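Residue numbers (the working numbering): 1065 to 1415.
Now the structure itself:
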């Protein structure tokens, strides 16, 4: 097989065919991103769930390592911060449904919290003051003025989209490129239209790339079920400039994922993945464990549900119980292997 990096030159915006997805919650550490860079890929830090100083410190560490990297930022949804009385009632009912889980670990459930925008403005200000090469957004689109300001500061701006309609809206905001995420991808979906449920069609990542590519004239990164060299070849042939991978790197030595999560990805007891709102109130693909099965009716409500379940997830992790933690995983999770990240990326490149 001809190695992908020996084929046509990658798009200058990315400089590689393999991009490590920004994985919030501690997985995408500066050390992990540096290892991806040394292996010939491009890694993204994840600003999600971090304070502005914590984000700034990770940017500093990456710069000191002398590597190329990008930063991913969650876009807040004003509707979630100001829910209707009916939505508040649904969230309160979901809170009540969590009592048994909380009692299992002897933790208290927090009161319903509706005020979290993940330090949005502070993070944008920091990225304008200390620009990075690439900034990606997920969960929605930044205003055109934010896109323009980041570009003036010297950053290339990318948006995560899950459909042709979202891609067209993103292009209208003036972004430089798109991350085209299929519903097979692990962790949170970037879908932001309708009820934020990722579309079930088209049936493959490559087909979604073709559909989006026919609608917008921007460089595309393909994400979702890219778990081996054949999948990389498929999305590149469909028109993507690069493939974004996440789950396949989760078990690597340099990944900052919890050992509990790494072990679960290799455990025979977990046999499927599912899109669920149980953990955070936003659709995300995870291994199906007891919590996913018990709370299949979780309402739309990010980040409120994220905060409600946080003490349960933390207690379960501390107890070494994989049945009530969010085990994010894409449909190709069985291909995730232990070992150096360089070996995983070499395999994706056909080496």
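Note that the Cβ used here is the ideal one computed from N, Cα and C, for glycine as well. In this text, all values refer to a predicted model and were calculated from it rather than measured experimentally.
For residue i, which residues in the same chain have their Cβ closer than 8 Å to its Cβ, ignoring the five residues on either side in sequence?
i	result
residue 1076	none
residue 1242	1222, 1223, 1224, 1225, 1231, 1234, 1235, 1276, 1280, 1282, 1283, 1284 and 1285
residue 1199	1134, 1135, 1136, 1137, 1191, 1214, 1219, 1220, 1221 and 1222
residue 1247	1226, 1253, 1262, 1263, 1264, 1288, 1339 and 1349
residue 1384	1324
residue 1237	1205, 1206, 1207, 1208, 1211 and 1223
residue 1377	1343, 1388, 1389 and 1390
residue 1079	1106 and 1132
Is DSSP giving residue i helix, strand or coil here?
i	result
residue 1324	helix
residue 1188	helix
residue 1401	coil
residue 1289	coil
residue 1212	helix
residue 1065	At residue 1065, the pLDDT of 39 sits below 50, so the modelled position is not reliable; the number obtained from the coordinates is stated separately. Correct three-state label for residue 1065: coil.
residue 1356	helix
residue 1070	Bear in mind that a pLDDT of 44 at residue 1070, under 50, signals an unreliable position, so the model cannot answer this.
residue 1084	strand
residue 1199	strand
residue 1091	coil
residue 1122	helix
residue 1158	helix
residue 1258	coil
residue 1128	helix
residue 1151	helix
residue 1075	coil
residue 1194	coil
residue 1371	helix
residue 1294	helix
residue 1377	helix
residue 1176	coil
Based on the DSSP secondary-structure assignment, which residues constitute the bridge partners of residue i?
i	result
residue 1252	1348
residue 1392	1350
residue 1300	DSSP output for residue 1300 lists no bridge partner at all.
residue 1316	1403
residue 1284	1242
Residue range of the alpha helix (DSSP H) that residue i falls in?
i	result
residue 1411	1405-1412
residue 1100	1094-1102
residue 1419	Because the chain spans 1065 through 1415 in this model, residue 1419 falls outside it and cannot be assessed.
residue 1142	1142-1145
residue 1113	Careful: residue 1113 lies outside any alpha helix (DSSP H) and carries neither H nor E.
residue 1232	1228-1236
residue 1169	1163-1169
Got a sec, what are the start and stop residues for the beta strand (DSSP E) residue i sits in?
i	result
residue 1107	1106-1110
residue 1384	No beta strand (DSSP E) contains residue 1384, which DSSP labels as neither H nor E.
residue 1134	1133-1138
residue 1242	1241-1245
residue 1340	1337-1340
residue 1309	1306-1309
residue 1278	Premise fails: residue 1278 lies in the alpha helix (DSSP H), 1269-1279, not in any beta strand (DSSP E).
At the 8 Å Cβ level, is residue i part of the contact set with chain B, yes or no?
i	result
residue 1096	Included in the structure is just one protein chain, with no chain B present.
Following a CB-centred definition, is residue i positioned closer than 7 Å to any heavy atom of the ligand MG?
i	result
residue 1303	Ligands are entirely absent from the displayed structure, and the ligand MG is therefore not among its contents.
Near residue i, what residues of its chain come up, given a Cβ to Cβ distance below 7 Å and the 5 sequence neighbours on each side ignored?
i	result
residue 1298	1270
residue 1095	1318
residue 1162	1173, 1372, 1373 and 1376
residue 1303	1273, 1274, 1277 and 1284
Please go through the same chain and pick out, in chain order, the residues whose beta-carbon is closer than 6 Å to the beta-carbon of residue i, but skip the five residues on each side of it.
i	result
residue 1113	1088
residue 1189	none
residue 1352	1336 and 1338
residue 1098	1129 and 1131
residue 1380	1388 and 1389
residue 1250	1310, 1311, 1349, 1392, 1393 and 1394
residue 1148	none
residue 1217	1192 and 1195
Quiz item: Are the region 1358-1365 and the region 1148-1158 in contact at 8 Å, needing three or more beta carbon pairs?
Solution: The region 1358-1365 is in contact with the region 1148-1158.
Quiz item: Would you call the region 1274-1284 and the region 1366-1376 in contact, with 3 or more CB pairs under 8 Å?
Solution: Cβ pair count under 8 Å is below three, so no.
Quiz item: Any chance the region 1314-1324 sits against the region 1389-1409, with 3 or more Cβ pairs inside 8 Å?
Solution: The region 1314-1324, when compared against the region 1389-1409, does touch it at the 8 Å Cβ threshold.
Self-check item: Contact between the region 1193-1210 and the region 1165-1178 (3+ Cβ pairs under 8 Å)
Solution: Note that the region 1193-1210 does not touch the region 1165-1178; fewer than 3 beta-carbon pairs, one per stretch, sit closer than 8 Å.
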